[in-house]
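Student: Sequence positions in the sequence shown follow our numbering and run 7 to 305.
The structure that follows is given in the form of structure tokens.
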Amino acid sequence: MTRRVRAGAVLAAVALGVVALLTGCGSPGSGTGGSSGGSGTDDSGATVTVLYAGSLVNLMEHDVKPAFEAASGDTFRGEGKGSDALVNEIKGKVTRADVFVSASTASNDKLRGSGNGDWESWYATFATAPLVLGYNPKSRFAAQLKSKPWQQVVVEPGFRLGRTDPKLDPKGRLSAQALTKMGLGKFADTDAGVFPEETLLGRLQAGQLDAGFFYTSEATEAKVPTISLAPVELGATYTVTVLNRGPQPAAAAAFVKYLLGPKGVALMRRHGLHPAATVTLTGDRSAVPATLRSAVGGS
7 MTRRVRAGAV
17 LAAVALGVVA
27 LLTGCGSPGS
37 GTGGSSGGSG
47 TDDSGATVTV
57 LYAGSLVNLM
67 EHDVKPAFEA
77 ASGDTFRGEG
87 KGSDALVNEI
97 KGKVTRADVF
107 VSASTASNDK
117 LRGSGNGDWE
127 SWYATFATAP
137 LVLGYNPKSR
147 FAAQLKSKPW
157 QQVVVEPGFR
167 LGRTDPKLDP
177 KGRLSAQALT
187 KMGLGKFADT
197 DAGVFPEETL
207 LGRLQAGQLD
217 AGFFYTSEAT
227 EAKVPTISLA
237 PVELGATYTV
247 TVLNRGPQPA
257 AAAAFVKYLL
267 GPKGVALMRR
277 HGLHPAATVT
287 LTGDRSAVPA
297 TLRSAVGGS
């Protein structure tokens, strides 16, 4: 009986020690707060989900993300794809997003109105970027591209021209328009040379393509040599909106305000975009968050 009593006392003491240890680990100030992006009462901020045109991946991930997070305390979670591919994600509820940054106003129109799910009530146009032909300087056609009209060189036997899908990406539609305007519509009507926007630049740099259609901002970032598409003049028109029914509306408004503010504009210029002298608003002004109205031209 004595041994049993002693064994019971030891077990009881161990149990009390474990309880004390667990209680101490969970005490306030012990450094076990919630993860970033939660909606609880900790100080880690919210996670704002931004779907953006794939041509902006370097701007968003390398510069805007760390700068916004440092300034706001919120967390940026981004995804870059062709604008229309992102529209399909939003409509299909693949991603619960807060902000949509498009390279074409036509993509925004596909989210507006009851027939499109009322995902968007307004958008602000904030920057542009001309469409150019970027080429690999090691391509055997590089000298010709610098000395002859581009529309003559891209039809040479063996020339590998890349572009994005016109069904998923505004840049793909602009590329098809450029080809058609120069009498090369038969190239625009095929799937040859069509790649996802997020892989096109890498293919060019890897030598898998001789040239491809890019915005000046992409070429500037990657130090890719370019030639003008003159006499064709086409380009991206960048817009931003806070999506309806997004999970983090306050953080979304804060992100848009940062993007359109002086620091965001400076980052755009660094990446080769042409910020608009005046941001213009399209859509329902009353639906714009109050904290954003001065930034997007609302009242």
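Here a beta-carbon is modelled for each residue, glycine too, at the ideal position from N, C-alpha and C.
#1: Please classify K87 as buried or exposed, where buried requires at least 16 other C-beta atoms within 10 Å of its C-beta.
#2: Between the C-alpha atoms of G213 and F74, what's the straight-line distance to the nearest angstrom?
#3: Excluding the five sequence neighbours on either side, which residues of its own chain have a C-beta within less than 6 Å of the C-beta of E95, listed in chain order?
#4: I need the boundaries of the alpha helix (DSSP H) containing S181, first residue and last residue.
#5: Suppose the cutoff is 6 Å on Cβ atoms and the five residues either side in sequence are ignored; what does the same chain contact list for E85 look like?
#6: Would you call the segment 125 to 135 in contact with the segment 167 to 174, where contact means no fewer than 3 C-beta pairs closer than 8 Å?
#7: Grab me the residues of P295's own chain with a C-beta within less than 6 Å of its C-beta, minus the 5 sequence neighbours each way, in chain order.
#8: Report the option in G278, G303, D197, A272 whose CA atom is closest to the CA atom of T284.
#9: If you follow the alpha helix (DSSP H) that L151 is part of, which residue opens it and which one closes it?
#10: Reducing DSSP to helix, strand and coil, say where P136 ends up.
#11: With DSSP as the reference, identify every bridge partner of E126, one or two as the case may be.
#12: Using a Cβ-Cβ cutoff of less than 6 Å, which residues in the same chain neighbour L279 once the five nearest sequence positions on both sides are dropped?
#13: Taking the alpha helix (DSSP H) that T205 falls in, what are its first and last residues?
#14: Of the residues H277, G252, R299, A282, which one's Cα is nearest the Cα of F106?
#15: So V54 is in the beta strand (DSSP E); what residue range does that whole segment cover?
#16: Let me know the secondary structure DSSP gives K87 once reduced to three states.
#17: Looking at the unbroken beta strand (DSSP E) that takes in A272, where does it start and where does it end?
#18: According to DSSP, simplified to helix, strand and coil, what is D49?
#19: Return no unless some Cβ of chain D is closer than 7 Å to the Cβ of A260.
#20: Give the straight-line distance between the Cα atoms of P281 and V271, rounded to the nearest whole angstrom.
#21: Assign S108 to one of three DSSP states: helix, strand, or coil.
#22: Decide if S234 is buried, meaning its Cβ has at least 16 other Cβ atoms within 10 Å, or exposed.
#23: DSSP state of R102, grouped into three classes?
#24: Report back the beta-carbon spacing between L240 and L180 to the nearest angstrom; my notes put them in contact at under 8 Å.
#25: Suppose you measure from the CA of T288 to the CA of A184; what does that come to, to the nearest Å?
#26: Of all the options V159, V138, L139, which has the alpha carbon lying nearest to the alpha carbon of R146?
#27: Can the beta-carbon of T232 be found less than 7 Å from the beta-carbon of G140?
#28: Quick one: using the 10 Å Cβ neighbour count with 16 as the cut-off for buried, is S36 buried or exposed?
#29: Buried or exposed: where does S113 fall if 16 or more other Cβ atoms within 10 Å of its Cβ makes it buried?
Tutor: This is what the structure holds:
#1: Locating residue 87 in the sequence shown gives position 81, counting from the first residue. With 16 or more other Cβ atoms within 10 Å, it is buried.
#2: To locate residue 213, count along the sequence shown from 1; it is residue 207. To locate residue 74, count along the sequence shown from 1; it is residue 68. When rounded, the distance between both Cα atoms is 35 Å.
#3: Stepping through the sequence shown from its first residue, residue 95 is reached at position 89. Correct list, in chain order: T101.
#4: For the purposes of this step, residue 181 is identified with residue 175 of the sequence shown, where counting begins at 1. Looking at the DSSP string, the run of the alpha helix (DSSP H) that includes S181 is 176 to 187.
#5: Numbered from its first residue, the sequence shown carries residue 85 at position 79. These residues qualify, in order along the chain: L57.
#6: no
#7: The count along the sequence shown starts at 1 and reaches residue 295 at position 289. Correct list, in chain order: A259.
#8: To locate residue 284, count along the sequence shown from 1; it is residue 278. If we check each option's Cα against that of T284, G303 comes out closest.
#9: On the sequence shown, position 145 is the one that residue 151 refers to. Residues 148 to 153.
#10: Numbered from its first residue, the sequence shown carries residue 136 at position 130. Strand at P136.
#11: Locating residue 126 in the sequence shown gives position 120, where the first residue counts as 1. Paired residue(s): R118.
#12: Residue mapping note: residue 279 aligns to position 273 of the sequence shown, counting from 1. Only A133, A135, S223 meet the Cβ criterion.
#13: The residue you call residue 205 lines up with position 199 of the sequence shown. Its alpha helix (DSSP H) spans residues 203 to 211.
#14: Within the sequence shown, numbered from 1, the residue matching residue 106 stands at position 100. Comparing Cα-Cα distances from F106 to each of H277, G252, R299, A282, the minimum goes to G252.
#15: Taking the first residue of the sequence shown as position 1, residue 54 is located at position 48. That run of the beta strand (DSSP E) goes 53 to 59.
#16: For this step, residue 87 is matched to residue 81 along the sequence shown. Of the three classes helix, strand and coil, the one that applies to K87 here is strand, per DSSP.
#17: Position 266 of the sequence shown, counting from 1, holds the residue named residue 272. Looking at the DSSP string, A272 is not in any beta strand (DSSP E); the run it does join, the alpha helix (DSSP H), is 268 to 276.
#18: The count along the sequence shown starts at 1 and reaches residue 49 at position 43. Any reading at D49 is ruled out, since the residue's pLDDT is 47, under 50, leaving its predicted position unreliable.
#19: Annotation note: the requested chain D is absent from the structure, which comprises a single protein chain.
#20: Sequence index remark: in the sequence shown, residue 281 carries index 275 (1-based). Sequence index remark: in the sequence shown, residue 271 carries index 265 (1-based). Cα to Cα, P281 sits roughly 7 Å from V271.
#21: The count along the sequence shown starts at 1 and reaches residue 108 at position 102. DSSP places S108 in strand when its eight states are reduced to three.
#22: Start at 1 with the first residue of the sequence shown, and residue 234 comes out as number 228. Counting Cβ neighbours within 10 Å, S234 comes out exposed, since fewer than 16 surround it.
#23: In the sequence shown, counting from the first residue as 1, residue 102 sits at position 96. Of the three classes helix, strand and coil, the one that applies to R102 here is coil, per DSSP.
#24: In the sequence shown, residue 240 corresponds to position 234, counting from 1. In the sequence shown, residue 180 corresponds to position 174, counting from 1. Confirmed, Cβ separation roughly 5 Å.
#25: Taking the sequence shown and counting its residues from 1, one reaches residue 288 at position 282. Taking the sequence shown and counting its residues from 1, one reaches residue 184 at position 178. Rounded to whole angstroms, T288 to A184 spans 27 Å at the Cα level.
#26: Along the sequence shown, read from residue 1 onward, the residue named residue 146 stands at position 140. Ranking V159, V138, L139 by Cα distance to R146 puts V159 first.
#27: Along the sequence shown, read from residue 1 onward, the residue named residue 232 stands at position 226. Along the sequence shown, read from residue 1 onward, the residue named residue 140 stands at position 134. Taking 7 Å as the Cβ cut-off, T232 and G140 qualify as a contacting pair.
#28: Walking along the sequence shown from the start, residue 36 turns up at place 30. In this predicted model, S36 has a pLDDT of only 32, less than 50, meaning its place in the structure is not dependable enough to derive any value.
#29: For this step, residue 113 is matched to residue 107 along the sequence shown. Buried, by the Cβ-count rule.
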